[in-house]
Every structure is written in structure tokens, then in C-alpha cells.
Amino acid sequence: MLNKYPLWKYLLILMVCTMGVIYAMPNLYPPDPAVQITPTKSGDVVDDYTLNRALSVLKEANIQYFGQEIKDGKTALIRLQDSEQQLQAKGVIQRKLGDGFIVALNLAATTPQWLVDMNAGPMTLGLDLSGGVHFLMEVDMDEFLKQRLNNYRAAIKRALREQKHRYKRVVANGDTGIAVKFAKEDVRDEAYTFLRREYPEFLTTDEDKEDGFWVNLNLTPAKIKEFEDYALKQNLTTIRNRVNELGVAEPLVQRQGRNRIVIELPGVQDTAAAKKILGKAANLEFRLEALPDASRYSSEEFGFKTQPGRRARLEKAVIVTGDNVSNAQPSFDENGQSQVNINLDGNGGAMMGKVTKKAIKRRMGVLFVEHKVRTRYEMQDGVEVAVEDKFVEKKIISLATIQSALGSQFRITGLEPAESSELALLLRAGALAAPMYFVEERTVGPSLGKENIELGVSSVQLGLAIVLIFMLVYYRTFGLFANVALAVNLLLLMAVMSMLGATLTLPGIAGIVLTVGMAVDANVLIFARIREELKAGLNPQQAIHSGYDKAFLTIFDANITTLIVAVILFAVGTGPVKGFAVTLSIGILTSMFTAIVLTRALANLTYGGRRVEKLSIGGK
Amino acid sequence: MSEVKDMNFMGMRKVAAAASIVLLLISIASLAYQGLNLGLDFTGGTLIEVGYENKADIKHIRETLEEAGYRDVTVQNFGSEQDVLLRMSEAYRANLGDEVLATLQNSSDETVAMRRAEFVGAQVGEELRDQGGLALLLALAVVMLYVAARFQFKFSVGAVVALMHDVIIILGVFSVFQFEFDLTVMAALLAVIGYSLNDTIVVADRIRENFRIIRQMMPADVINRSLTQTLGRTVVTSLTTLMVLLALLFMGGENIYYFAMALSIGVVVGTYSSIYVSANILLVMEITREDLLPPETDDSDLDEIP
Chain A
1 MLNKYPLWKY LLILMVCTMG VIYAMPNLYP PDPAVQITPT KSGDVVDDYT
51 LNRALSVLKE ANIQYFGQEI KDGKTALIRL QDSEQQLQAK GVIQRKLGDG
101 FIVALNLAAT TPQWLVDMNA GPMTLGLDLS GGVHFLMEVD MDEFLKQRLN
151 NYRAAIKRAL REQKHRYKRV VANGDTGIAV KFAKEDVRDE AYTFLRREYP
201 EFLTTDEDKE DGFWVNLNLT PAKIKEFEDY ALKQNLTTIR NRVNELGVAE
251 PLVQRQGRNR IVIELPGVQD TAAAKKILGK AANLEFRLEA LPDASRYSSE
301 EFGFKTQPGR RARLEKAVIV TGDNVSNAQP SFDENGQSQV NINLDGNGGA
351 MMGKVTKKAI KRRMGVLFVE HKVRTRYEMQ DGVEVAVEDK FVEKKIISLA
401 TIQSALGSQF RITGLEPAES SELALLLRAG ALAAPMYFVE ERTVGPSLGK
451 ENIELGVSSV QLGLAIVLIF MLVYYRTFGL FANVALAVNL LLLMAVMSML
501 GATLTLPGIA GIVLTVGMAV DANVLIFARI REELKAGLNP QQAIHSGYDK
551 AFLTIFDANI TTLIVAVILF AVGTGPVKGF AVTLSIGILT SMFTAIVLTR
601 ALANLTYGGR RVEKLSIGGK
Chain B
1001 MSEVKDMNFM GMRKVAAAAS IVLLLISIAS LAYQGLNLGL DFTGGTLIEV
1051 GYENKADIKH IRETLEEAGY RDVTVQNFGS EQDVLLRMSE AYRANLGDEV
1101 LATLQNSSDE TVAMRRAEFV GAQVGEELRD QGGLALLLAL AVVMLYVAAR
1151 FQFKFSVGAV VALMHDVIII LGVFSVFQFE FDLTVMAALL AVIGYSLNDT
1201 IVVADRIREN FRIIRQMMPA DVINRSLTQT LGRTVVTSLT TLMVLLALLF
1251 MGGENIYYFA MALSIGVVVG TYSSIYVSAN ILLVMEITRE DLLPPETDDS
1301 DLDEIP
């Protein structure tokens, strides 16, 4: 019979709609403002004792809270009455618990347990809606490769000496290569065979020049890629550690492309602190202070970081760098003086011991090395363009007398309390494998985020209301079907986005609005067809049947092409554009279901399987 | 079969073509001479949005910042009288946002709130520009292939010319009025491609269907009938979409204003182009019934022709 769905089809539709309701539901529960407590060291736990200390200090400060829990012994969450007290609560708890714990602002989900059990959760809000900071950092691969090649040069020199291949010089050759010069051809040929065997990561060639016999070694593209991946991974880990120090509830640290790292810190309000820790793309150099009679060639003069005007002369030779620093903690010595305890790795400890043994009572300086970017503007072909100059800034952060031979554990004493925690933080933040630069930064204040949500929601509401009224007036009963479909479509869209864990952004909301407008298109196509078929003299049942039938292919083609565009948008776009592409694609898919299947079911239920004189579909 | 008289869309096609060409020429000329007012996303630079409690004194803010030594500062209201957008070519520093905020705070009795601060490196801007262009071309190419496969080559030419027409005219409007062109507008442009394509395909689908079922009729008349039949749907869909877009334009806030603007223009132009550009191209390329017969039924169809 025409226009009757089998029972299973109705049940299936009902099931999809129920799933939609369930998975969209978590979005109805607004999250509570909360503070989150995690231990600084990953091995530590948060126990009831800690939690009670935090709660008691909240009571003292007269801050209302109504829920507390400990998750897996690692994180404690305290829910607060209102968001204004969030910062205050964070402050008092942090002061009470001290350095062993990180206290962060968080929004605690209020999803009921039975929904959590079904793996349902609310959509994540993008930074433009929640407020927060977005950074894009670029890893300086050229610099990293240069450092690696320097290491290779030293290693090759040593190997050639050990093997008694008498070379003249070992020099850098372009950005990715090393060249070795020999006086005699037969020596070169032997060395060539040796280098080729020992260093397979290089493409080795020999070359006869007027000034001598050369072996050229060039890093293979595969090795360069390996280095780049290593540098990025290393930096990613360091940045993650630094972000953890910031105590942000749900940070995102992700690789983007070949040499970039995206960092998103939702809800961060103290952006200056975030930048301070992340932006310290710093390394350290431990060097001895130069002797008074040291020559210009073996020593350099540096300024102090915190004491303008004060300068000191250090030796050029570096004892160890920040790469060797495994830990640094501020503490107090037996006299209550602030100090920083430093741990070095094995190599670093050995080097430190070797040098300081012969330098007792001399002073050792710690240089803080920052890679910065300076933008200047210059005219090129009549257009002002921004040129970014990278430069290195080295400042002394500590200059202290060596009391005895140092090993892999030593301490810097005689510091102010604030100084010591700052110094420890810098030392501990971990060394980056390669220098990094900020290339993009976006900060959205929390008030703007809230405003963006309100604007987005009200424009969706208004747009939806207009379309609903229009459809009802223009298509009557069928308009009602389309409206139900539209509402279910929004529900499914929200459900799918929540299930996928997709992020909702402002352009994403715009995508939803656009979907509302376009989703009715399929119904308009179908209804226009039905009207046409009625005019052509078909009876109502046949008209419904053939209207849906004929419109289907058109709808399919039209939606697939839009979907193609949305997918391209997703693949090529970044950030906000991606958010738009996601909602648009999901919206297209859900709207195909609701506009074709759901409205048909409604039409079948209303008109199917009985004699119908007239359809309520508007028009003449 | 149809009681409604077909509207003679194609009778106007020369006028429409002339109008399209004029609009395209103006757009291209404007793009060539004054280009687009590229936003921060594409140029790189620093942007700070601050909020005052009361109406902000733009002139005073500008003077304060210039006195403090910031170069090339543009100050403008953003969305409301209290909100101010600052753009500067100042080199990026970690604390620039806070510095500027402190400077403004010192010169004002009210509380000045930081709403957002953005910095985009010149290099990143350039890459985003390239990516955007690439996305546009890729979208056009894939669409062309899909339409050629699903319909016929002549349709895919018509569809792609119509899309290029829409994109160039939107770019032209943004260039002539120097509206700010940023990443979201780029996204809108791609969405317009999707939307306009939707329209074009619906029309093309009907043209194909009519060519197959109607025998003795001039191609122009077949197209007229198809356009008349789809007109109701075209108008209704464009209207509903336009209505929600206008809601977005007037209520969505300053941040997506130009996004909604680009889409609104796109919907209008896209509707027009699916009628007058893609259908017009079909006639220019002399579409015939034979182009559209499904290959597998060729034999039986030939037999039926008397």
C-alpha cells in the first residue's frame, strides 16, 4: 500500500530521536564554577586530608561551596556557588596548600549520573565562547639543525683523529651539511670509506677542488625529518609540562603541521602569567666567571636580568646547558635563607665536577638565554612590510661563588625568597630541544565569550522562529511536519556534536543558523513537487509518494556537493573555520535524515493508508 | 500539462548577461585597483579590543596611545559606543596587551576591561592567505568533477562559471566598500559556493529531467519551463535562508557581522546566478536533448523516436 512504512521503520526513527534527546540533554545542565586541585608532582595524590584543609580555608574566607569530590585520587574538585568567588577561592586554597599542589579554575559538569553512565556529555565550547588564550608557536628548525650539525662536526673530528685520518679542516657546508678537507688524495679516499660506513645518516660524496681534497656529508631528507619530528616532540613535552605548571583545567597542546604547536588555555584570565611561563623559550648556560686577565677572545660580557646596569664578564666555554638540568626546587637552608636546589643529569654532573674541581672560590654564572622576535617595518616596492628578526638575548640570572666541587646535585644560596622561586621555575620549566617563537596569539576575555554565546543563541532563536512561522503559514500541515523535522534536526545536530566531542565556536553557531535555513530546502523541494503532482491531477496518496520519490535525487545531489565543500573547508581551514565546517557537515547529514525520512513518516502517519480528499499543503 | 504559463526567463538572458558582465568588470577593476581590506588574520599584526563603562572617547584614546609612543595606532568603535578596537603595527611583545590596557586605565577614571587581544605573525598571515585561496580552487575543481560525473560536462561548466561569478561579485562588494575581509569571510565564501551550488543543481536537475521527457521543444523553452517549475522552491528557500542570515547579521554581534554579510550577498547573487548564469551557459554551449539521454537507455529511446 502507498505511504505506509513498516513498523520497524517507525521504531527506528523513534530510536534515533530518543538517542538525539539523550545525547543532547547534557547541554541543558549548566556547569558549576569550581576549583580543581592537582598535585605538582605526577606521582603524588590528593587525599581527604588535603581536601579538608582546602575546605576549612574556604569556610574561614566565608566562601560558599556545595560539592566536593576526589577523582582517582589525583584531582579534587570543589564546586562553588558563584563564579565571582572562583578567583578568590583559588587564591586562598593555593596559599594554604602551598607549592605541592596546583589550584586551577574549572567548570564542573553537572550532567546527571545516568547520562554520564551512557557516555553522554555536553559540547565543549571553543575559546571564543568560553574565553581564554590561544597561542601558536613555531619551532625554529634551522637553529635546531645547526646545533645538531655542530655536534656532528665535533664527533667527526674526534672520530677522524682516533682513526688517524689526517684531515685539514671540518667545516659547515650549507644548512644541512658538513665538509671535510684533506691534503692528500689517498688519505681522503680512506677517510671517505670510513665516514660513509660510520655515518649512514649522511649522503657522502667526494670532491676534488683546487685547494684540496674534500668529503661532503649531507644529511638525508629522512634524517632531517627524523630530527624535526624529534625536536617537535621534545618541545611538545616541555610545553605540556609548562602548561601543567600553569594549572589550567583543560588545556590543549597539539602539533600543527611540520613545525608548529597550538596551545589553547580555556578560562585563563591571567594571560600575563601564561605568557610568562610559555614564552620563556629559554635555555640556560652555566659558565665560569672570567679571570681578570682573560683575553677578549675567551670571554664575553653580559648584563644582569634583574639588576639593570650591573654587568659581569664570563668565559666563553659553556660547562653545561639547560638540557642537562633535570630538576630545580626552591627551598630554605639551615639558616632560613632561600636557595635553589639543582639536579643535573649524569653527563651534566660529570662535566660540572670536572670543571668546578679546578675552580673552587671562583664564581659561576647562570646565563638565561631567550630567543625573541623583533618586528620592524621596511618599505619594499613601495609597500610597507613587516620583517621579523629573530635574535638571542643572554642575561645573567645568578652569579655565585663555588664553595666546593659540584656534582649532579648542588644549590645556589643567598637568594631572596621571591628570587629563588622565580629562578627555580625558570630552571625547572624544562629545556626546549629547539628554540620557539610566538607566531600567533588570541585572547578572548570571559565577558566577550559570554556575550558571544548570548548573541549566538538569540540569533538562532530568532532565525528559527521566523522560519517556523513562515513554513507553517506557507505549507500548513506539511509545514508543521517540516517544523518538527527542523526541531529534531537541531536536536540531532547537538547530540552528534556532543557525542563526537566537537567544539562549538561562534562560526559554528553561524553554521547551525545556516543549517536551519538550508535544512528546510529539502522539504521545500518535496512539498513543491507534491503541489505540482496534485496540479497534474494525481490523487493525494500518489502525489505524496511521487513527490518524495522525485525530489530525493535532487536533494541528494545538492547536499552531497555542499558536503564536499564543507569537507574541504574542514581539511584546509584552521580554528574558527574548522568549527564552522564541522557544524555545517553534521547539519547536512542530520537534515537529510530529518527532512526526508522523518517528515515522510509524519506524512504517512497522518495521511497514509486511508482515503484522503485533500492535502493541507497550502497553495491553490 | 502545465496550466501555469512558462515565464520567459531566457528572453531576458542578454540583458542579464550584460548586467553580470558589468558587475564582474566593476568587481575585478576594484580588486585590481584597491584590493581587499584584509583583516588581521591575513596581514598579521596586533589587535586589542577594550571595553569602557560609558561611551569611549576615541580621540582621547588615540592621543593617549600616541603620547605613550605607540606607532600607527588606529582606534575605532567596535559594535557599540563602549567598545573600542585598537590596531597597531607595534612589534609583538609578551605583555603588550597588558601594557596598553594599563596605559588606557591610567588615563581614564572608569574601569577599562580587556575584551580580547590578538596577534598574528606576518608569516602565518601569508600562509592563511595561501590556504584560503587553495581551498577555494580545490572546492571549485572538485565540484566541477562531481557535476561532470553526475550530470554532464556542459552542466559542470555552467555550475563552475556561476560559482566563480558569485565569488568574484562578493569579493567585489568587499573591495568596493572596503569591508574587512578576514578568515570568517573566507569561510562564508566557501559556504556560498556550497549554497549556490545547491541552487544550481536543483535547477540543473529539473532541466535534465525536462529534456528527457519533453520532446519537441526548443532548448530555451525547456529551460524556461524548468526555471518556472523550480521558481517557487528557489524563492522560498532563498527567503528562509536569507531570513536567518539577516537575524545573524543584525543580532549575531560584530564578530560575525561581515560573515553574515558575505553570506547574505551570496544567497542573493547565488539565486540569481543559478537562473541567469548557469542556465545561460547551457544555451551558449548549445545544450541538446541528446546530451542528456542516459547512455544505457540510448537504444530503446532511439527506437521510440518516430
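Protein chains in written order, with our numbering: chain A, 1 to 620; chain B, 1001 to 1306.
We put the beta carbon where it would ideally sit given N, CA and C, even for glycine.
When the options are compared against residue i, the one with the closest alpha-carbon
| i | options | result |
| --- | --- | --- |
| residue 1190(B) | 410(A), 602(A), 571(A) | 571(A) |
| residue 621(A) | 266(A), 318(A), 341(A) | Shown here, chain A extends from 1 to 620; a query on residue 621(A) therefore has no answer. |
| residue 1076(B) | 1175(B), 1149(B), 1069(B), 1085(B) | 1085(B) |
| residue 356(A) | 343(A), 401(A), 329(A) | 401(A) |
| residue 185(A) | 210(A), 323(A), 585(A) | 210(A) |
| residue 1247(B) | 455(A), 72(A), 441(A), 481(A) | 455(A) |
| residue 1307(B) | 1151(B), 1055(B), 1097(B), 1145(B) | Since the first and last residues shown for chain B are 1001 and 1306, residue 1307(B) lies out of range. |
| residue 35(A) | 611(A), 473(A), 58(A) | 58(A) |
| residue 17(A) | 251(A), 310(A), 601(A), 139(A) | 601(A) |
| residue 197(A) | 565(A), 11(A), 156(A) | 156(A) |
| residue 472(A) | 493(A), 419(A), 527(A) | 527(A) |
| residue 165(A) | 153(A), 172(A), 182(A), 151(A) | 182(A) |
| residue 91(A) | 68(A), 69(A), 72(A), 55(A) | 55(A) |
| residue 396(A) | 218(A), 335(A), 437(A), 286(A) | 286(A) |
| residue 314(A) | 499(A), 599(A), 394(A), 4(A) | 394(A) |
| residue 144(A) | 525(A), 62(A), 434(A) | 434(A) |
Whole-angstrom distance between residue j and residue i, CA atom to CA atom
| i | j | result |
| --- | --- | --- |
| residue 1003(B) | residue 536(A) | With a pLDDT of 49 at residue 1003(B), under the threshold of 50, the modelled position of this residue cannot be trusted; read the value that follows with caution. The straight-line gap from Cα to Cα measures roughly 9 Å. |
| residue 417(A) | residue 291(A) | 30 Å |
| residue 1041(B) | residue 1047(B) | 10 Å |
| residue 614(A) | residue 1181(B) | 51 Å |
| residue 1127(B) | residue 1133(B) | 10 Å |
| residue 248(A) | residue 522(A) | 45 Å |
| residue 616(A) | residue 484(A) | 16 Å |
| residue 488(A) | residue 284(A) | 59 Å |
| residue 142(A) | residue 175(A) | 7 Å |
| residue 192(A) | residue 422(A) | 51 Å |
| residue 322(A) | residue 369(A) | 9 Å |
| residue 475(A) | residue 607(A) | 15 Å |
| residue 1301(B) | residue 1153(B) | In this predicted model, residue 1301(B) has a pLDDT of only 45, less than 50, meaning its place in the structure is not dependable enough to derive any value. |
| residue 1156(B) | residue 135(A) | 42 Å |
| residue 582(A) | residue 490(A) | 14 Å |
| residue 68(A) | residue 50(A) | 12 Å |
| residue 492(A) | residue 585(A) | 13 Å |
| residue 1206(B) | residue 450(A) | 46 Å |
| residue 1009(B) | residue 137(A) | 55 Å |
| residue 310(A) | residue 410(A) | 25 Å |
| residue 1184(B) | residue 3(A) | 44 Å |
| residue 325(A) | residue 60(A) | 40 Å |
Beta-carbon proximity check, residue i vs residue j, cutoff 8 Å
| i | j | result |
| --- | --- | --- |
| residue 1228(B) | residue 1278(B) | no |
| residue 1187(B) | residue 213(A) | no |
| residue 458(A) | residue 1251(B) | yes |
| residue 87(A) | residue 108(A) | no |
| residue 243(A) | residue 253(A) | yes |
| residue 1135(B) | residue 569(A) | yes |
| residue 1283(B) | residue 1223(B) | yes |
| residue 1203(B) | residue 1226(B) | yes |
Presumed contact (8 Å Cβ cut-off) between residue i and residue j, rounded CB distance
| i | j | result |
| --- | --- | --- |
| residue 1265(B) | residue 1170(B) | 5 Å |
| residue 348(A) | residue 320(A) | 4 Å |
| residue 103(A) | residue 37(A) | 5 Å |
| residue 228(A) | residue 258(A) | 7 Å |
| residue 513(A) | residue 460(A) | 6 Å |
| residue 328(A) | residue 405(A) | Not confirmed; about 20 Å, so no contact. |
Interface flag, residue i vs chain D, CB-CB below 8 Å
| i | result |
| --- | --- |
| residue 1184(B) | Structure shown: chain D not included; protein chains present are A and B. |
Between the region 113-129 of chain A and the region 503-517 of chain A, do three or more beta carbon pairs fall short of 8 Å?
-> Yes, since at least three Cβ pairs between the region 113-129 of chain A and the region 503-517 of chain A fall closer than 8 Å, the two stretches touch.
Quick check: the region 551-565 of chain A against the region 1267-1278 of chain B, are there 3 or more CB pairs under 8 Å?
-> no
Taking contact to mean at least 3 C-beta pairs separated by less than 8 Å, is the region 462-469 of chain A in contact with the region 1234-1247 of chain B?
-> yes
For the region 439-448 of chain A and the region 1109-1123 of chain B, state whether three or more C-beta atom pairs, one from each stretch, are separated by less than 8 Å.
-> The region 439-448 of chain A, when compared against the region 1109-1123 of chain B, does touch it at the 8 Å Cβ threshold.
Do three or more CB pairs link the region 541-550 of chain A to the region 1006-1018 of chain B at distances below 8 Å?
-> no
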